[in-house]
C-alpha cells in the first residue's frame, strides 16, 4: 500500500458562480474513483459567492471587518489584543471566524462556506454525475490550535469518507483493548493535502490517491461530527475569560449549602486560602465537635436543616461599624474560597450568646 | 511535484536496546536521500528503554500509573473524571503525559522519549553514517486537541527539516502581504504518515517522499519550537480550572486602586452585575460629580491620593450587627465584580457625616 499526493495545477482564479467541478475535472482529467480531493475552502467560498465588500483600508475597513466578524460569530471564545478567537455558527473555533483577506482583492473578505459538508457533497455529486468519477471531497482550511505554534490545515467539510476512523474495541497484539483511539483522519488528509498545496504556487486542490480503495462510499455524516460543543470541551473559554467568569461567579454566589455533606478538608483549605487576605484579627473556625455544633446551630436563626458544617467567624475586637463591614467582606472572601473548593455556603447571624460575629453554614 | 507516503513493513517488535537505524534500514533498503521518516514515538521509547514496570491490573496498577504520571507532569492543565491533561517536562500538553499502555506488555507502560528532538537527530545521524542515506526524521505521537473530536498524529521531535514553514512577508497575487501563516508542516507530515501507518497493521514507520528535494539539510532547531509556553497561550488552563482560579483570586483580592483611572462604564457594569445578588436595600452609587466627590473623599479616613473614583455603599436600614456583616459581604461581591471588569478597588470607612456604611476607592 502506498499513498500519493498530487497537486491539481492550472485551476486559476475562481469567481462567484464558477463551476468548481468543471474547473477541477478539466485541470485534472486524471482523477480516478477513490481519489480524495482536498479543496481549499477559499475557492469553494469564492465559487459560492461568500464574499463581502469592504473598504480597502483605513478605519472604515476595520469597522466593516468587525461587523462581518460579529455576524459570523456564534460565541466569543478568547481575545487578546487584536486576536479574536470565536466559535462560528458551524461550531468551528477559529481566529477571526475564518474570515480571510489573503488571495482576494483588497476590497473583499472571504467568509467560510455556509455549509462546508453540503459544499463537499455538492462537488462530489457534480463530479460523479457529470464527469463519471467517484471521489471523496474534503473542504479544508487553515486553523490554529492551543499549545502549539504554527497552523495546520484541517477539514471543514467532507463527503464520501467518514471523518473519524474508530479503533475502539480493537485488540492490540499484546491483548490490550484500544480505548480512545478515534483518529480524525480527514484532518490528517487535509494536512497532507496542504503539504503539496503549500509547496506549489496557487494550487487550491490536492488529490490523495490510495487512501480509499475505490468509489461507492456513502457521503457520510460529514465533518460536523468533528465539532466538539462547548459543553463537552474542557477548553471552551480562554483562560483569562474563564478567570473573569470565576470572579463574576464569586461576585454573584448563590446561597448554599449544597446537597452533599461538605468535605472538612476542603473547608480547611478554603480557610487557609484566605488567611493572608483577611483583616488581622479575623478568625474563621470550623466547628468539628458534633455536640458543640448541634448546640450552636440550634442558636443560629435560620439554620438550614441540610447544612453539615458550621464555620464561626470572629471579627477583630474592639468592633466598630467599619470593622464589621470589613469583617463581612472577609466572610465573602471565605465564601468565594469555599466555592472554589466546591463548597457552597450560607452567611448567617452568629449563634446567640457567643463571641462570633457571623456563622457560615456549609 | 508529487508526494508519496510509503509504509515500512516488517520492523516487528522493538525492545530496549534495539538498533532502530538497523531495523529501519534493513526493512526499507529503498530509502533515498530527502525521504522524511515518520517514526512512531513508541518504538523510539521502546528502543531507548523508556518503559516502566507496573502491576497488570487492580488498584495497585492505578496507583503505580498515577505515580508515573506525576513524575512525567510539569503542570496540570485540566482534569475531568479520569482524564488528566498535563504539560510534560518537554512542554507538550497531552492527556496522561503521553503515557501509553497499548502495544506493550500488560505489565509495562511506555513513556515518551526523554528528548524526542535528540532521538530524531540520533536516528538521522545513524542512518547517514552507517547506511549512507540522508533523510529527515520526525518522531510522532497521537495527540488530542480542544474543540475537535478525534485525534491526529503530530511531531514530538524532528531533525533535518524546519518544524515550521514561514510564509510571513510573502505577497499573494492580489498584493496582500501574508501576515500570520506559519505552517506547522512537521505536524502535517506526522499526520500524513499516520494515514498509512494506521491503515496497515503494525507499521511504526512511514516515509514521505518528494517533500524534500534531497539530503544535506541541517538538523535544525527541532520540534521544540512548536511548543507554546503557558504564558503565551490563551488556553493555558482548562475552563473549569481557570474559573476556580478566578474564584480564588476574588477570595484573595489585593487592595486597589490601580495605576490607571477607573473606567466609569466598567464600574457601572460591575454594580449592575451584583445588583441581583446583594441584600435587598443595599445600594452602591458611583459618585460622578467631581466637586461632591472631592468633598466626600476628603472626609474618608485613609483615602488614597491615586484613587479616581468613589463608590458609596449604603446598608439596608435599620442597621443591626448581622446587617452590617452582610453588607460587608456585599461590598466584597462588588469588589469581585469590579476586579472582573479590570477595576482594582479598596474598601474604606464611609465619609463622616453621611448615611453611607462604606466607601470604595477605585
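Protein chains in written order, with our numbering: chain A, 1 to 362; chain B, 363 to 724. Just so you know, even glycine gets a beta-carbon here, dropped at the ideal spot from N, CA and C.
Measure the CB-CB distance between residue i and residue j and report whether it falls below 7 Å.
i, j, result
"residue 336(A)", "residue 360(A)", "no"
"residue 74(A)", "residue 89(A)", "yes"
"residue 329(A)", "residue 610(B)", "no"
"residue 378(B)", "residue 473(B)", "no"
"residue 109(A)", "residue 101(A)", "yes"
"residue 568(B)", "residue 559(B)", "yes"
"residue 323(B)", "residue 164(A)", "The question about residue 323(B) has no answer, for chain B in this structure spans 363 to 724."
"residue 429(B)", "residue 572(B)", "no"
"residue 501(B)", "residue 519(B)", "yes"
"residue 383(B)", "residue 488(B)", "yes"
"residue 122(A)", "residue 219(A)", "no"
How should residue i be labelled, buried or exposed, when 16 other C-beta atoms within 10 angstroms of its C-beta is the threshold for buried?
i, result
"residue 675(B)", "buried"
"residue 171(A)", "exposed"
"residue 291(A)", "exposed"
"residue 629(B)", "buried"
"residue 743(B)", "This structure leaves residue 743(B) out entirely; chain B is present only between 363 and 724."
"residue 117(A)", "buried"
"residue 659(B)", "buried"
"residue 94(A)", "buried"
"residue 505(B)", "buried"
"residue 60(A)", "exposed"
"residue 369(B)", "buried"
"residue 246(A)", "buried"
Taking the straight line between their C-alpha atoms, what separation do you get for residue i and residue j?
i, j, result
"residue 475(B)", "residue 406(B)", "7 Å"
"residue 148(A)", "residue 604(B)", "20 Å"
"residue 323(A)", "residue 716(B)", "17 Å"
"residue 592(B)", "residue 598(B)", "5 Å"
"residue 465(B)", "residue 548(B)", "24 Å"
"residue 352(A)", "residue 311(A)", "14 Å"
"residue 380(B)", "residue 386(B)", "11 Å"
"residue 523(B)", "residue 426(B)", "38 Å"
"residue 627(B)", "residue 634(B)", "10 Å"
"residue 376(B)", "residue 563(B)", "15 Å"
"residue 530(B)", "residue 539(B)", "8 Å"
"residue 535(B)", "residue 655(B)", "60 Å"
"residue 565(B)", "residue 446(B)", "28 Å"
"residue 399(B)", "residue 498(B)", "6 Å"
"residue 357(A)", "residue 614(B)", "21 Å"
Does the CB of residue i have a neighbour CB from chain A at under 7 Å?
i, result
"residue 636(B)", "yes"
"residue 687(B)", "yes"
"residue 469(B)", "no"
"residue 357(B)", "Here chain B comprises residues numbered 363 to 724, so residue 357(B) is not present and cannot be evaluated."
"residue 595(B)", "yes"
"residue 550(B)", "yes"
"residue 719(B)", "yes"
"residue 367(B)", "yes"
"residue 701(B)", "yes"
"residue 698(B)", "yes"
"residue 574(B)", "no"
Any beta carbon from chain B within less than 7 Å of residue i's own beta carbon?
i, result
"residue 76(A)", "no"
"residue 296(A)", "no"
"residue 168(A)", "no"
"residue 147(A)", "yes"
"residue 164(A)", "yes"
"residue 226(A)", "yes"
"residue 361(A)", "no"
"residue 196(A)", "yes"
"residue 243(A)", "yes"
"residue 174(A)", "yes"
What three-state label does DSSP hand residue i in the structure shown?
i, result
"residue 646(B)", "strand"
"residue 502(B)", "strand"
"residue 592(B)", "helix"
"residue 94(A)", "strand"
"residue 633(B)", "helix"
"residue 449(B)", "strand"
"residue 362(A)", "coil"
"residue 461(B)", "coil"
"residue 313(A)", "strand"
"residue 382(B)", "helix"
"residue 415(B)", "strand"
"residue 369(B)", "strand"
"residue 545(B)", "strand"
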